[in-house]
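Undergrad:
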Amino acid sequence: MIGFSRAFSLRALALAGALVLSGAAFAQAPAPAASAPKPPPTNFPASHLAIAAEVLKTSGLMRTFEASTPNVVQMLRANVSRTRPELVRQIEESLKIVETRMGDMTNDGLKGAAGYLAARMTEAELKEVNTFLVSPVGKKYVDTLPLFMEDLLPYIEQWTQVVGQEAMAVFRAEMAKRGAPL
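Under the numbering used here, the residues of the sequence shown are numbered 1262 to 1443, in order.
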């Protein structure tokens, strides 16, 4: 879990940085089109991809895509408006068009994620997972996860510091035993 949270934090930070930089570049000159991410596997029956997408929705993971799109629009708004305040009216008109396209972009993200999930789990396994997620206890689990993560992430950060200090103390003691004190 520690590796996941650190990797997630680093990826989120990298994404935020890239969005800020791309927004600044966009405000000054047209940015080249971003290369599309490597496409996920799609060589599955439609029913396999559909249940994978359903699992993503019922598990709450789809919220990741849904939450990202308004942030992209807001970052564009902030970056371009700050560097070109004289274009506020045109910026807002253009962003309305962007917002209407965000639904399609979100669906594309869901389809891609479904392909990755389908590559890792069989259709039968995904059906079992979805059955759990739509059950009363599964729904409670999904509703609890965001609150649990809010509690867990600060705990993991503190725990990691304590473990790091304890590991360093043991390491120093072992090095001292070997005649190489640190």
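The beta-carbon is built from N, C-alpha and C at its ideal position, and this holds for glycine as well.
Exposed or buried, Ala1441, counting other C-beta atoms within 10 Å across all chains shown (16 or more means buried)?
TA: It is exposed - the Cβ of Ala1441 has fewer than 16 other Cβ atoms within 10 Å.
Undergrad: For Lys1299, name the three-state secondary structure that DSSP assigns.
TA: Three-state result, Lys1299: coil.
Undergrad: As a quick exercise: from Ala1437, Ser1396, Val1424 and Val1431, pick the residue whose alpha carbon is nearest that of Val1316.
TA: Residue Ser1396 is the option with its Cα nearest to Val1316.
Undergrad: Give a yes or no on whether the C-beta atoms belonging to Leu1322 and Ala1375 are separated by under 8 Å.
TA: Not a contact, by the Cβ cut-off of 8 Å.
Undergrad: Please classify Leu1378 as buried or exposed, where buried requires at least 16 neighbouring CB atoms within 10 angstroms.
TA: Counting Cβ neighbours within 10 Å, Leu1378 comes out buried, since at least 16 surround it.
Undergrad: Near Ser1308, what residues of its chain come up, given a Cβ to Cβ distance below 7 Å and the 5 sequence neighbours on each side ignored?
TA: Within the same chain, Ser1308 has close Cβ partners Glu1384.
Undergrad: Give me, in chain order, the residues of the same chain whose beta-carbon lies closer than 8 Å to that of Leu1356; leave out the 5 immediate sequence neighbours on both sides.
TA: Result list for Leu1356: Val1334, Leu1337 and Arg1338, in chain order.
Undergrad: Just the Cα atoms here: how many angstroms apart are Gly1364 and Ile1417?
TA: Straight-line Cα distance between these residues: approximately 34 Å.
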